[in-house]
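For what it's worth, the UniProt record's numbering labels the leading residue of the sequence shown as 1, then goes sequentially.
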Amino acid sequence: MRKGIYKQILISAVSCGLALNTYAIGNGFYMGLMMGPATNSGGDQMVQVDNPNALQTTPASPRSTQFGTRVFMGNQFSRFAAIEGGLTFFSQIKYDSKGVDTCSGNSLRVRDVDIVAKGIIPFGNYFDIYGKAGMALSYITTSGGLNPTFDLTANPPQTCGVNTYKNKFSPTVSIGASYNINQSWVADLSYNTVQISTRVSTVSLIALGISYHFTDKYCGQFLCDD
């Protein structure tokens, strides 16, 4: 009799575990982190040469290799849709002046806050593909070397550009695929791009991500006890 009870408990536990591993992610709040290599599509810019006697510039090319990190959270309100917001940091976009000394730094830095709508196409209980579209508020810091300035009549005289700080609303889109590790954890791979400005045009990020979903866990048709 006791062996029969233990057997039933074991069968129930195994069945629950199998159902848990194959059940799709439920609706609810989630948060996560994504990171990976980033590139920009900017062209050459004129940077100010270190010359206190006259305004002199030289062309400089942006290095296209950066790194991006995005922290995000959202709410999935159906199997096919979610709303999401994130904060993205990109490493500096450095401009190469080919060995010419400049009067200040030659770099541009982008950070942004975004809100996007997410559409989801599920493939079974494990895989999804998705697309995101929305708006980002970009915060752009530009070094003085990229802002040529020369005015000896100013007080004090200006013989070099100064750093500038600019906010800009920019469209952002993403496409990706995700894998449901279990009913809480999801891994994904995505391509993300945001339109920044005429100076760097777009910044794109290829990212690996991981997110945790605060959803109810099911064993078959019923909520699990844990």
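In this text, a Cβ means the ideal position worked out from N, Cα and C, and glycines have one as well. The structure presented is a predicted model; accordingly, all values stated were derived computationally and were not measured.
Excluding sequence positions up to five away, which residues of its chain have a Cβ less than 8 Å from the Cβ of Asn167?
Along the sequence shown, one-based indexing puts residue 167 at 167. These residues qualify, in order along the chain: Leu137, Ser138, Tyr139 and Ile140.
If you draw a straight line from the C-alpha of Leu18 to the C-alpha of Phe29, how long is it?
On the sequence shown, position 18 is the one that residue 18 refers to. On the sequence shown, position 29 is the one that residue 29 refers to. With a pLDDT of only 41 at Leu18, under the threshold of 50, the placement of this residue in the model should not be trusted, and no figure is reported.
Mapping the DSSP letters down to three states, classify Ala13 as helix, strand or coil.
Sequence index remark: in the sequence shown, residue 13 carries index 13 (1-based). Annotation note: pLDDT 41 at Ala13 (below 50); position unreliable, coordinate value reported separately. In the displayed model, Ala13 falls within a helix according to three-state DSSP.
Assuming Tyr126 is part of the beta strand (DSSP E), what are its boundary residues?
Looking up residue 126 in the sequence shown gives position 126. Here Tyr126 belongs to no beta strand (DSSP E), and DSSP marks it neither H nor E.
Quick one: what does DSSP say Thr22 is sitting in, helix, strand or coil?
Your numbering for residue 22 matches position 22 in the sequence shown. Residue placement at Thr22 is poorly supported in this model, since its pLDDT is 48, which falls under 50; the coordinates still yield a value, given next. When DSSP states are grouped into helix, strand and coil, Thr22 belongs to the helix group.
Just checking my contact of Ala81 with Lys118 at CB under 8 Å: how many whole Å lie between their CB atoms?
Here residue 81 refers to the residue found at position 81 of the sequence shown. Here residue 118 refers to the residue found at position 118 of the sequence shown. About 7 Å separates the two Cβ atoms, so the contact holds.
Tell me the rounded alpha-carbon separation between Thr147 and Gly36.
Translated into positions along the sequence shown, residue 147 becomes position 147. Translated into positions along the sequence shown, residue 36 becomes position 36. Note on residue identity: the sequence assigns Asn, not Thr, to residue 147. Going from the Cα of Asn147 to the Cα of Gly36 covers about 30 Å.
Can you round the beta-carbon distance between Gly209 and Gly32 to whole angstroms, since I take them to be within the 8 Å contact cut?
As a position in the sequence shown, residue 209 is number 209, starting the count at 1. As a position in the sequence shown, residue 32 is number 32, starting the count at 1. At roughly 6 Å, the Cβ-Cβ gap stays under 8 Å, so Gly209 and Gly32 are in contact.
From Trp185, Val71, Thr198 and Ser190, pick the residue whose C-alpha is nearest to that of Thr215; which is it?
Residue mapping note: residue 215 aligns to position 215 of the sequence shown, counting from 1. Closest by alpha carbon: Trp185.
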